[in-house]
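The listed protein sequences derive, respectively, from chains D and A.
Take the first sequence: its position 2, counting from 1, is numbered 2 in the numbering used here, and each next residue is one higher.
Take the second sequence: its position 340, counting from 1, is numbered 464 in the numbering used here, and each next residue is one higher.
For glycine and all other residues, C-beta sits at the position ideal for the given N, C-alpha and C.
Bear in mind the structure is a predicted one, so any value in this text is a computation, not a measurement.
Just below is one structure, and these are the notes that go with it.
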Amino acid sequence: MSEGMLCSKSHEYILEQDGTHYIGLTEYAVEQLGDIVFVELPEVGATFSKNESFATVESVKAASEIYMPVSGTIIEINEDIISAPELLNEDPLGKAWLVKIETTADEIEYKDLLDYSDYKEEVQ
Amino acid sequence: MTKQTFLHDKHVRLGAKMVDFAGWHMPVQYSSIIEEHKTVRENVGLFDVSHMGEVIVYGEDSLPFLNKLVPQDINKLIDRKAIYCQMTNKDGGIIDDLIIYKIEDNKYLIIVNASRIDEDLNWMVRNKRGFDVQIVNESHNYSMLAVQGPKAVELLKKMGEDELPPFFSIKRGELFNINLWISRTGYTGEDGVEILVRNEFSETLWDKILEAGAEFGIKPIGLGARDTLRLEAALHLYGNDLDEETTPIEAGLSWSVSKNKIDDYNGKSVIMNQIQNGVSKRLIGLKMIDRGIARHGYEIFYNDEKIGTVTSGGISPVRGDNIALAYIKNNPDITIGSELKIKIREKLYKAEVIKRPFVEKKNKCN
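And the structure:
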């Protein structure tokens, strides 16, 4: 599912599939966090700008803020990971996306995002 | 400079995630904190706790010297027994919490927190005037391995240790032809031992224990699970739940303080006064009612008034809920069952005052 995926330096990804933009956490991010035990997601309809904190993910050790890779409005949240946060450790790029957004972000907002393969190299 | 235990390379080779803790480069987890936690509650786990400090106090005045340092009555301590203590300052504030072992007359072993060893030694030396004692820091010579969990005793038996010392006692022992000290203590709420061994034998011992423990499902356990285990057992962590501004009485440690000790000790008047007249702040246990995790430093509210702060908080893998230790202004209205609110990211979440420890202890401790 990494085809067309773009990643931020703070380890969020954005992926467009059939016109829908998914935002989630990279494998590297969840590996660094360890066992994820709590996820707090925003309300549908909320709007966030690029690099604004929109969610919180908590591991056993600590709470981490999650930032928007591009600006947008939340159109759906992933209820499954609220009831089963451990899904984020198992399938962060697949089933455990965080939110779907609608975005009108222009190209400038994408400038500092990395292709998935470049990102993988960066974090290695 | 970050220090490394003699087992550092073992941890790295086991794939541990390493972090800096109290000046040491230590494993925080090998596989998963939750998995490691459950291993200790269900089977047995092996911990490298070599960062802990070991101090020997010996000499003719060892007993009166130690009696001056702690509120506990060291006169009652018999050979090879241990006692959980707090070293207090003149205001009764806790400089460190320790375990003191009586090795023999005029010779005591003190286990101190890694983060506090300099403060501890300074304080001991400052209080030494007039006492014929020697204070020797042996921390750099010894490693400490903890074997904890319901299968720990069985594993020790398999390794040839048939006669474990009773709870809170220590004995000289031998495992795999290595001379060592075995103490029936721990920081998990489970039965088990802490083994003191000279550094040069720690790697061999580590490997042999993992090998012998395989049939019991043993796993190496990092500091992450050590923290969730001690929190479930409601055992205090220095720096979080204990500090120099907090007395043993405020910390809910009155059970460990001698009420009729004759010797004078640092902070005695403050502590005795608190025992008689009560405290203005005190430690409580909490469980979250609302969905949220209380963490160190979060504020606590009661009837819209800020009344305290969470000092340790997190998940309880065994209970399946979120628990915390906190200090609140003493208020007779707040008892077991009272509802408080905790501020998490600017929102208030309901929590309930509950009894400590949060899980049943299996080691007959207090």
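{"Item": "Closest by C-alpha distance to Val403 of chain A, when choosing among A:Asp414, A:Gly461, A:Thr371", "Value": "A:Thr371"}
{"Item": "Within 7 Å, strictly: CB atoms of Ile36 of chain D and Ser59 of chain D", "Value": "yes"}
{"Item": "Status (buried if at least 16 other CB within 10 Å, exposed otherwise) for Ser155 of chain A", "Value": "buried"}
{"Item": "Within-7 Å CB hit, Asp35 of chain D to chain C", "Value": "Considering every chain present, this structure includes no chain C. Its protein chains are D and A."}
{"Item": "Ile157 of chain A at chain D interface by Cβ criterion, 7 Å", "Value": "yes"}
{"Item": "Residues within the region 26-59 of chain D neighbouring chain A, beta-carbon criterion of under 7 Å", "Value": "Gly34, Asp35, Val37, Phe38, Thr56, Glu58"}
{"Item": "Alpha-carbon to alpha-carbon, Ala46 of chain D and Asp115 of chain D", "Value": "27 Å"}
{"Item": "Nearest-angstrom Cα separation, counted from Phe145 of chain A out to Val179 of chain A", "Value": "20 Å"}
{"Item": "Inter-stretch contact at 8 Å, needing at least 3 Cβ pairs: the region 19-27 of chain D / the region 94-113 of chain D", "Value": "yes"}
{"Item": "Reduced DSSP category for Thr352 of chain A - H, G, I as helix; E, B as strand; rest coil", "Value": "helix"}
{"Item": "DSSP bridge partner residues for Val381 of chain A (one or two, in chain order)", "Value": "In the DSSP output, where bridge partners are listed per residue, Val381 of chain A has none listed."}
{"Item": "Chain D contact for Ile424 of chain A (CB, 7 Å cutoff)", "Value": "no"}
{"Item": "Proximity test, Cβ basis, 7 Å: Ile439 of chain A and chain D", "Value": "yes"}
{"Item": "Contact under 7 Å by Cβ, Phe482 of chain A with Ser440 of chain A", "Value": "yes"}
{"Item": "Any chain D beta carbon closer than 7 Å to Ile417 of chain A", "Value": "yes"}
{"Item": "Check whether Tyr362 of chain A and Asp221 of chain A have beta carbons under 7 Å apart", "Value": "yes"}
{"Item": "Distance CB(Phe255 of chain A)-CB(Asp197 of chain A) smaller than 7 Å", "Value": "no"}
{"Item": "Among D:Lys95, D:Glu27, D:Lys50, D:Gly4, nearest to Ile165 of chain D - alpha-carbon criterion", "Value": "Limits of chain D in this structure are 1 at one end and 124 at the other, which puts residue 165 of chain D out of reach."}
{"Item": "Touching by the beta-carbon criterion (3+ pairs, under 8 Å), the region 447-454 of chain A and the region 400-418 of chain A", "Value": "yes"}
{"Item": "As assigned by DSSP and simplified to three states, the class of Arg322 of chain A", "Value": "strand"}
{"Item": "Span separating the alpha-carbon of Asp286 of chain A from that of Glu335 of chain A", "Value": "18 Å"}
{"Item": "Neighbour list for Arg469 of chain A in chain D, Cβ cutoff strictly below 7 Å", "Value": "Thr56"}
{"Item": "Three-way DSSP call (helix, strand, coil) for Asp144 of chain A in this model", "Value": "strand"}
{"Item": "The region 153-168 of chain A in contact with the region 221-238 of chain A per 3-pair CB rule at 8 Å", "Value": "no"}
{"Item": "Local Cβ density within 10 Å of Ala62 of chain D, reported as buried at 16 or more and exposed below that", "Value": "exposed"}
{"Item": "CB of Val257 of chain A within 7 Å of CB of Val194 of chain A, strictly", "Value": "no"}
{"Item": "Enclosing alpha helix (DSSP H) for Gln210 of chain A [first to last residue]", "Value": "Looking at the DSSP string, Gln210 of chain A is not in any alpha helix (DSSP H); the run it does join, the beta strand (DSSP E), is 206-212."}
{"Item": "Cβ shell of Asn191 of chain A (< 8 Å), same chain only, five flanking positions each side left out", "Value": "Asp197, Ile198, Asn199, Lys385, Asp387, Tyr389"}
{"Item": "Beta-carbon contacts of Gly316 of chain A that lie in its chain and below 7 Å, excluding the five residues immediately before and after", "Value": "Ala270, Val271, Gln272, Gly273, Ala276, Gly310"}
{"Item": "4 or more residues per run - each alpha helix (DSSP H) lying fully within the region 3-45 of chain D", "Value": "27-33"}
{"Item": "Where Gly348 of chain A meets chain D, residues with beta-carbon distance less than 8 Å", "Value": "Gly34, Val60, Lys61"}
{"Item": "DSSP-derived helix/strand/coil call for Trp97 of chain D", "Value": "coil"}
{"Item": "Bounding residues of the beta strand (DSSP E) (the contiguous stretch that carries Lys405 of chain A)", "Value": "405-412"}
{"Item": "DSSP three-state assignment for Asn490 of chain A, whether helix, strand or coil", "Value": "Bear in mind that the predicted position of Asn490 of chain A carries a pLDDT of just 36, short of 50, making it unreliable; the figure below should be weighed with that in mind. If DSSP states are grouped into helix, strand and coil, Asn490 of chain A belongs with coil."}
{"Item": "Proximity to Val434 of chain A [Cα-Cα], best of A:Ile395, A:Ala375, A:Ile399", "Value": "A:Ala375"}
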